[in-house]
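Q: Our numbering numbers the first residue of the sequence shown as 3 and each following residue consecutively.
Just so it is clear, CB atoms sit at the ideal spot from N, CA and C, and this is done for glycine as well.
The model shown is predicted, which means the values in this text are computed figures rather than measured ones.
I have a structure here, written as structure tokens, and I will follow up with some questions on it.
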Amino acid sequence: MASTHGADQKARVLVASNRGPVSYSVGDDGSLTARRGGGGLVSGLSAIGDDAGALWVCSALSDGDREAVRRGVGERGVRMLDVPADVHADAYNGIANSVLWFVHHMLYQTPLEPVFDAEFRRQWASYEAYNRAFAEALAEEAADGAVVIVQDYHLTLVPGMLRELRPDLRIGHFSHTPWAPPEYFRMLPDDIARQVLTGMLGADRLGFLTQRWADAFTACCEQFAGGLGETRIGVHGLGADADFLRERSHRADVGERMAALREQIGAGRKTIVRVDRTELSKNIVRGLLAYRQLLEDHPEWRERVVHVAFAYPSRQDLAVYRDYTAEVQRVADEINAAYGTDGWTPVVLHVEDDFARSLAAYRLADVALVNPIRDGMNLVAKEVPVVSDEGCALVLSREAGAFEELGEDAVAVNPYDVIGTAAALHEALSMPAGERNDRAKRLAAAATALPPAKWFLEQLEALRA
Numbered sequence: 003m004a005s006t007h008g009a010d011q012k013a014r015v016l017v018a019s020n021r022g023p024v025s026y027s028v029g030d031d032g033s034l035t036a037r038r039g040g041g042g043l044v045s046g047l048s049a050i051g052d053d054a055g056a057l058w059v060c061s062a063l064s065d066g067d068r069e070a071v072r073r074g075v076g077e078r079g080v081r082m083l084d085v086p087a088d089v090h091a092d093a094y095n096g097i098a099n100s101v102l103w104f105v106h107h108m109l110y111q112t113p114l115e116p117v118f119d120a121e122f123r124r125q126w127a128s129y130e131a132y133n134r135a136f137a138e139a140l141a142e143e144a145a146d147g148a149v150v151i152v153q154d155y156h157l158t159l160v161p162g163m164l165r166e167l168r169p170d171l172r173i174g175h176f177s178h179t180p181w182a183p184p185e186y187f188r189m190l191p192d193d194i195a196r197q198v199l200t201g202m203l204g205a206d207r208l209g210f211l212t213q214r215w216a217d218a219f220t221a222c223c224e225q226f227a228g229g230l231g232e233t234r235i236g237v238h239g240l241g242a243d244a245d246f247l248r249e250r251s252h253r254a255d256v257g258e259r260m261a262a263l264r265e266q267i268g269a270g271r272k273t274i275v276r277v278d279r280t281e282l283s284k285n286i287v288r289g290l291l292a293y294r295q296l297l298e299d300h301p302e303w304r305e306r307v308v309h310v311a312f313a314y315p316s317r318q319d320l321a322v323y324r325d326y327t328a329e330v331q332r333v334a335d336e337i338n339a340a341y342g343t344d345g346w347t348p349v350v351l352h353v354e355d356d357f358a359r360s361l362a363a364y365r366l367a368d369v370a371l372v373n374p375i376r377d378g379m380n381l382v383a384k385e386v387p388v389v390s391d392e393g394c395a396l397v398l399s400r401e402a403g404a405f406e407e408l409g410e411d412a413v414a415v416n417p418y419d420v421i422g423t424a425a426a427l428h429e430a431l432s433m434p435a436g437e438r439n440d441r442a443k444r445l446a447a448a449a450t451a452l453p454p455a456k457w458f459l460e461q462l463e464a465l466r467a
């Protein structure tokens with residue numbers, strides 16, 4: 003599909019990501035409806051202005067997207083690639099989400115997985131083809147000396163492929179996940195590990211969310227790729243968008259959800275809030291077990307606290323995610339059956355995604371529980387302190403990227419230690435109001451130090467320098 007910003011006018015700033023800023027659905031009458039997405043990249047690109055000659059290259063993800071590409075329908079500044087559905091499924095689910103994501107989050111059950119067999123090699127060929135489609139589109143669309151910023155583990159091979167096609171470009175790549183340390187990264191077949199690293203090292207500059215992930219990448223390069231070469235490394239800790247969050251959280255729909263939640267919680271009770279996708283790294287089950295341990299160890303909290311847990315289904319096309327979502331539901335039901343009374347439901351669990359209700363929970367939070375096994379950043383940890391009405395205490399896993407910036411004012415936990423997490427919840431619930439407020443102010447300031455637009459512009463400037 004031709005890009006929609008004029009054939010003669012090449013782009014000077016390009017972003018490449020699996021998911022784009024727009025998606026399409028086909029109506030019963032065959033009409034196409036476009037839906038705009040949000041997020042850090044969207045606000046980052048809009049911050050550079052319409053006249054900057056920016057182009058977003060992304061993949062068609064749905065039948066509606068593919069139909070839009072076939073009909074030549076598109077938005078200005080977006081080029082959507084019609085990667086065949088089976089190739090995309092292999093690259094995205096087979097490799098990106100089932101191999102690279104698992105390696106970087108160190109989540110394999112190693113007695114049984116991974117298995118790098120002929121099927122893996124077949125899917126890897128799709129991952130290469132998918133990355134090549136991006137590299138070729140970027141090469142075609144970029145003006146001389148343009149700046150290209152490639153996003154995430156879906157597209158690790160793009161920088162190297164693009165460098166071969168267009169040596170004149172300034173190429174950056176940003177990783178939104180952790181990076182595995184060498185002893186875990188070496189689980190990948192040697193040739194694949196090298197290919198991922200040399201693909202990344204095709205970039206002039208690589209960005210990571212924390213110094214810890216940047217150091218892990220550097221260590222992998224030293225062990226498996228002979229060092230970093232000419233590539234520079236930068237750390238950009240993506241922050242929360244305070245202006246957007248504060249404005250959005252005071253709209254009428256959020257007020258309605260707050261009233262409904264207050265009804266479910268009951269008057270005068272404290273709230274422990276968590277909002278997550280049901281990703282395996284988010285550690286929702288151990289969070290529930292820690293809450294049960296709190297009720298066991300500190301019976302004085304029974305009927306005085308409610309755990310508001312939002313676990314929004316993620317990647318339900320993968321069986322392991324469906325099983326995990328079911329386990330979250332089962333443990334929540336078990337706690338309610340064991341401890342609940344006529345007037346008190348200990349766990350209020352919601353599984354349907356509802357952004358307004360998430361913001362309502364943020365505003366009501368006395369304690370935010372963010373206990374991932376491993377997380378690139380975890381923006382929820384940054385968002386709740388910004389939005390909470392009374393200033394909340396934050397119980398935060400030391401394995402979240404956000405811990406690097408927020409750890410001093412949070413109550414730290416080892417995500418595997420359920421008894422330790424229960425003790426941290428008790429400490430957070432018991433924190434004097436003054437201390438809680440002071441900590442929340444410092445948390446909010448640290449959380450918003452690098453809002454999305456600034457985060458994107460900082461990388462752009464560094465690449466141009």
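1) Could you compute how far the alpha carbon of Phe136 sits from the alpha carbon of Ala182?
2) How many angstroms separate the CA atom of Ala467 from the CA atom of Asp92?
3) How long is the line joining the alpha carbons of Gly436 and Gln125, rounded to whole angstroms?
4) Tell me the DSSP bridge mates of Met82?
5) Consider the C-beta atom of Ala414 and the heavy atoms of the ligand SAH; say whether any pair is separated by less than 8 Å.
6) Assuming contact is defined by CB atoms lying nearer than 9 Å, are Gly209 and Gly162 in contact in what I supplied?
7) Roughly how far, in whole angstroms, is the beta-carbon of Val388 from the beta-carbon of Val415, given that I think they are within contact range, below 8 Å?
8) For Asp31, count the other beta carbons within 10 Å of its own beta carbon; 16 or more makes it buried, fewer makes it exposed. Which is it?
9) Relative to the alpha-carbon of Ser360, which residue among Ile274, Arg123 and Arg444 has its alpha-carbon at the smallest distance?
10) Glu130 to Lys384, Cα distance in whole Å?
11) Can you list, in chain order, the stretches of the alpha helix (DSSP H) that have 4 or more residues and sit fully within the region 68–140?
12) Taking the straight line between their C-alpha atoms, what separation do you get for Thr158 and Pro191?
13) So what's Tyr314 in DSSP terms, helix, strand or just coil?
14) Considering only C-alpha positions, which residue in the set Phe405, Val149 and Leu296 is nearest to Ser432?
15) In whole angstroms, what separates the C-alpha of Ala328 from that of Ala311?
16) Check whether the region 313–327 and the region 410–430 are in contact - that is, three or more C-beta pairs closer than 8 Å.
17) Which residue comes first and which comes last in the beta strand (DSSP E) that contains Gln153?
18) Using a Cβ-Cβ cut-off of 6 Å (strictly less than) and excluding sequence neighbours within five positions of Val256, which residues of its own chain qualify?
19) What did DSSP end up calling Thr212 once you bin it into helix, strand or coil?
20) Give the straight-line distance between the Cα atoms of Asp419 and Ser100, rounded to the nearest whole angstrom.
21) How big is the Cα-Cα spacing for Glu305 and Arg438?
22) Measure from the alpha carbon of Tyr132 to the alpha carbon of each residue in Met82, Ser177, Leu381 and Gln111, then state which is nearest.
23) Go to Val160, then tell me how far its alpha helix (DSSP H) extends in each direction, as first and last residue.
24) Which first and last residues belong to the alpha helix (DSSP H) in which Lys443 is found?
A: This is what the structure gives:
1) 25 Å
2) 37 Å
3) 55 Å
4) Cys60
5) For the ligand SAH, the structure offers nothing, since it holds no ligand at all.
6) no
7) Not quite, the Cβ-Cβ distance comes to about 21 Å (not below 8 Å), so this is no contact.
8) exposed
9) Ile274
10) 35 Å
11) 87–91 and 103–107
12) 16 Å
13) strand
14) Leu296
15) 14 Å
16) no
17) Ala144 to Gln153
18) Ala358, Leu361 and Ala362
19) coil
20) 26 Å
21) 22 Å
22) Met82
23) Val160 to Leu167
24) Ala435 to Ala449
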